[in-house]
Every structure is written in structure tokens, then in C-alpha cells.
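So for the sequence shown, the UniProt record's numbering puts the first residue at 1; every next one is plus one.
Note sheet for the following structure.
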Amino acid sequence: MTDWTQMTLAGFQRGLSRGEFAPLDWWRACRERIDALEPTLQAWECQAPEPAITAPDGVKPGQSLFGIPVGIKDIIDTARLPTTWGTRGYHRVAQSDLDASIVTELARLGALPMGKTVSTEYAYFQPSKTRNPHDPTRTPGGSSSGSAAAVAAGMVPVALGTQTVGSIIRPASYCGVVGFKPTHGTLGVAGVKALAPSLDTLGWFTRHLEDSRTLFRALTGSPPIRTLTRLDGVRVGLCQVPSTHSPSPETATALKGAGEKMAALGADIGTAELGASFDELVAHQRVILAYEATRALASERERFGALMSSPLLALLDEGQNLTLATYWQARQATERARIELSQQLAERFDVLLAPSAPGAAPEGLASTGDPIYSRAWTLLGVPCVNLPLHWTPLGLPVGVQLIADRYQDQRLLSIASALMP
Numbered sequence: 001m002t003d004w005t006q007m008t009l010a011g012f013q014r015g016l017s018r019g020e021f022a023p024l025d026w027w028r029a030c031r032e033r034i035d036a037l038e039p040t041l042q043a044w045e046c047q048a049p050e051p052a053i054t055a056p057d058g059v060k061p062g063q064s065l066f067g068i069p070v071g072i073k074d075i076i077d078t079a080r081l082p083t084t085w086g087t088r089g090y091h092r093v094a095q096s097d098l099d100a101s102i103v104t105e106l107a108r109l110g111a112l113p114m115g116k117t118v119s120t121e122y123a124y125f126q127p128s129k130t131r132n133p134h135d136p137t138r139t140p141g142g143s144s145s146g147s148a149a150a151v152a153a154g155m156v157p158v159a160l161g162t163q164t165v166g167s168i169i170r171p172a173s174y175c176g177v178v179g180f181k182p183t184h185g186t187l188g189v190a191g192v193k194a195l196a197p198s199l200d201t202l203g204w205f206t207r208h209l210e211d212s213r214t215l216f217r218a219l220t221g222s223p224p225i226r227t228l229t230r231l232d233g234v235r236v237g238l239c240q241v242p243s244t245h246s247p248s249p250e251t252a253t254a255l256k257g258a259g260e261k262m263a264a265l266g267a268d269i270g271t272a273e274l275g276a277s278f279d280e281l282v283a284h285q286r287v288i289l290a291y292e293a294t295r296a297l298a299s300e301r302e303r304f305g306a307l308m309s310s311p312l313l314a315l316l317d318e319g320q321n322l323t324l325a326t327y328w329q330a331r332q333a334t335e336r337a338r339i340e341l342s343q344q345l346a347e348r349f350d351v352l353l354a355p356s357a358p359g360a361a362p363e364g365l366a367s368t369g370d371p372i373y374s375r376a377w378t379l380l381g382v383p384c385v386n387l388p389l390h391w392t393p394l395g396l397p398v399g400v401q402l403i404a405d406r407y408q409d410q411r412l413l414s415i416a417s418a419l420m421p
């Protein structure tokens, strides 16, 4: 019997080509697993009907995602499935006029939507109904709650997520999956609900790092990404932004273990000293988020303000009280930090090794956890990947993230492959 949780995207394509699988086999296996686990995990906003599958036109060999089940985060427009933007129905469109561009591209490559995965309200901090698959009394993180949990639980091999603060890296860490946030702007966000356009980044979750490499190649048309077994000569900078915030012991253990593993593979490990200006990026990210969100959600607030959660309304109030000068100052500080980071990475390091989250998923469902270790990297627009390399004695995952300079996504995924073959 096929263990679908261990199947990779490329492995499925090979099996299809040899006649070992039928095109809907993985989709149907995922539906069975959803039926069994969804009453507890609640990762789905709605589920798609079984597709009438046909081979996509114009797909090049090695790029096809033919027959691959994919979860679509519920802030991404779909023409055949309703979209609620995580609002639990107070804002709902039964059918969009068009699919979001990423949904169209996935369909062109032959991928099959499983349904819409749960999002927090407008992809901000109000917790969703989704539970952590490793302990249903704990949060899966947010805002891509359903996507991370669904992939971790084997309900789907791939799910789309977005990150404006820490909404890919943090839930990937809490749920124990690979979470990849590309360089800002790599994937088109037409048809994805905006929260803060200069921050909003489309990415995904997978169980296998190989699948993230496969997806990147398929969705960007990039050349094959090299798989590494050694890291000889790779320069790794240990980094924590903000430096003033102490991670939990389990996160410190995860970072130590990842650094030791990279060193054993031949990497040169050093400390990235980025300075106080990088600590200030956390505050700048908050300013930019609030200023842009107030404008991105102006119409929604006018119509649904009485139904919005208090955390979201507080963000919008904060944004209304910010001046243009304050916003521009935050943007200018960001540009200066991008230049400084690029210089550090060019001269001293290939990648940075940093915490993904302060610790394991917190107990309770009243919060999605603290995104503090993602704010600066999201603001700078750099590619980040969460790697689930450590587990606590309670069986809870604690991830670490590797970070590269902008437009070094392939190099980042190549280096990560040595840690997760």
C-alpha cells in the first residue's frame, strides 16, 4: 500500500509515467485523510468536488504538477470555490469572477485544488478554528493556519500560504513542515487579498524540501536547483533579529543543533552582527503594516467594521493615526537596511541561520503566537525557509529558518537541501 505522506511530487510524476498510479489517486487519498481528520483539526474552509481531470496543455517535461493536490489559502480568489478571507462568513463571495493568478498557473501545470484552507481574519492575528495536528490544544500559528496544519497532517502535500508578518515561517515551525517564503514579488499576487502590499508575499508549505524545490522550478520557470550533500565553503551567519528578544530553551537547542549539523557538513559558521538598526526594523515593520492595512481594508471596514475583531480594528486605528512622514521614514530605514544586509551577505555570508519562532506552539487557542522573528525578514523582502529539524520531548516541532539575500532563492533552497535530503 502506498504511503502517501512519504510521496514526493517528483515521485508521483515518475509513478504516473510508469503507469503505477492513476491521475486521481493522490487526490482521493487526500480526501480520505481529510474525512478522517478534519473533525478534529478543522483545517478547511471548504472542499472542492472531485475534478474531471484532463492533461494540461503546453506543460514542459519536468515542470508538470499533473495530479498534485493543492490547498488554497482562503484569501486567494477562486472562481469555482467561495472565498471568505478568514472572516468566518461575514465577508463572503460565493464565486469570484476570476481565479487568482497563482491558481490559474497551478491549473495550467495540472495541479488539482483540494479546497480552501482556513485563514485568520484578513490574514491578521485573530485566531482561526484550526488546531495544531501535533496537539489539538495548541495553536497551529497564523495566518496560514489551515495550510500549515493540512500539510503537516498529510491532508494535502502542498498548500499555498502568504506572509505579511510571519504567516508562513511561524506556522511551519509550529506544525513541523517546510515553509518557503520567496523573495518579495517573485510570485504574482493578483487575486490575493491585500493586507500590506509592500510586505505581502505568496509562498507555500510542503512536507519535503524536495517538493519546495520542485514547486519553485515549476512556478518560476527556473533551472533545476542543485541538491547538495555537503556544505564545504558555505558561509553561515548565526543571527537573531531582534537581538533583544530571548528565544526559549527549545529554540536555542534547535539553533545549536542546526549549526552543528551545518558545521559537520563543512560549513563555516560565524556570527552575523547586524547592529541596533536591524533591531529597529521590528518597529518599522509594524508602522508599514498598519499604514498600508488601513488603506487596503478601507472598504471592508466601512461595510463590516461592526463585525471585525478587536485586534484587526486596533491595527486599522493605529494606521489611521500614522502620518505619511512616519511611514516614509520607515520605508527609508528599510532601504538602508537592505543595502547593509546585501553587503554583509556578499562579503561575509551565503545564508543566515535564525529562529523561526520563540519556541514550540503555545498552549491554548486564544493566540496564533508571536511572529517577532519574522518581522524584519518579511520587511526586507528576503527569501526564508523554515526547516523542521528539532522536536521537543513532548513531540512538538521547533523549526529554524535559513535566510538569503533577495533574488538568491535557488541558492537558499540548494543549501537547505543538505540539511533535509
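Quick reminder that beta carbons are idealized off the backbone N, C-alpha and C, glycines included.
DSSP-derived helix/strand/coil call for residue i
i: residue 135; result: strand
i: residue 268; result: strand
i: residue 343; result: helix
i: residue 250; result: helix
i: residue 390; result: strand
i: residue 175; result: helix
i: residue 239; result: coil
i: residue 376; result: helix
i: residue 159; result: strand
i: residue 203; result: strand
i: residue 193; result: coil
i: residue 127; result: coil
i: residue 383; result: coil
i: residue 75; result: coil
i: residue 109; result: coil
i: residue 349; result: coil
i: residue 403; result: strand
i: residue 311; result: helix
i: residue 354; result: strand
Nearest-angstrom Cα separation, counted from residue j out to residue i
i: residue 419; j: residue 163; result: 24 Å
i: residue 229; j: residue 260; result: 15 Å
i: residue 352; j: residue 345; result: 8 Å
i: residue 386; j: residue 167; result: 11 Å
i: residue 11; j: residue 87; result: 37 Å
i: residue 444; j: residue 233; result: Residue 444 lies beyond the residue range present for the chain, which begins at 1 and ends at 421; the question has no answer from this structure.
i: residue 62; j: residue 311; result: Note that residue 62 scores a pLDDT of 47, beneath 50, so its modelled location is shaky; the value from the coordinates is reported in the next line. Spanning the two alpha carbons is a distance of roughly 45 Å.
i: residue 194; j: residue 296; result: 6 Å
i: residue 395; j: residue 360; result: 10 Å
i: residue 5; j: residue 154; result: 5 Å
i: residue 303; j: residue 91; result: 9 Å
i: residue 51; j: residue 94; result: 19 Å
i: residue 117; j: residue 146; result: 5 Å
i: residue 406; j: residue 104; result: 26 Å
i: residue 97; j: residue 78; result: 8 Å
i: residue 273; j: residue 416; result: 22 Å
i: residue 316; j: residue 298; result: 9 Å
Exposed unless 16 or more other CB atoms sit within 10 angstroms - verdict on residue i
i: residue 34; result: buried
i: residue 226; result: exposed
i: residue 191; result: buried
i: residue 240; result: buried
i: residue 388; result: buried
i: residue 335; result: exposed
i: residue 275; result: exposed
i: residue 323; result: exposed
i: residue 410; result: buried
i: residue 221; result: exposed
i: residue 1; result: exposed
i: residue 13; result: buried
Same chain only: Cβ atoms within 7 Å of residue i, ignoring 5 sequence neighbours per side
i: residue 408; result: 383
i: residue 327; result: 287, 288, 291
i: residue 337; result: 277, 278, 281, 380
i: residue 187; result: 102, 202, 219
i: residue 224; result: 217
i: residue 412; result: 351, 383, 385, 402, 404
i: residue 126; result: 120, 309, 311, 312
i: residue 369; result: 139, 141, 170, 174, 357, 361, 362
i: residue 342; result: 405
i: residue 106; result: 65, 70
Beta-carbon contacts of residue i that lie in its chain and below 6 Å, excluding the five residues immediately before and after
i: residue 250; result: 359, 360, 392, 398
i: residue 21; result: 15
i: residue 115; result: 44, 46, 47, 48
i: residue 9; result: 68, 211, 214
i: residue 333; result: 284
i: residue 119; result: 73, 74, 75, 86, 143
i: residue 169; result: 179, 356, 374, 384, 386, 401
Sequence-distant residues of the same chain with beta carbon closer than 8 Å to residue i, five excluded per side
i: residue 270; result: 235, 236, 237, 238, 348, 349
i: residue 257; result: 389, 390
i: residue 137; result: 131, 363, 364, 365
Chain D within 8 Å of residue i, Cβ atoms only
i: residue 160; result: The question asks about chain D, but that chain is absent: this structure has only one protein chain.
Exercise for the section: Answer yes if the segment 99 to 111 comes into contact with the segment 61 to 80, meaning at least three C-beta pairs across the two stretches below 8 Å, and no otherwise. Expected result: yes
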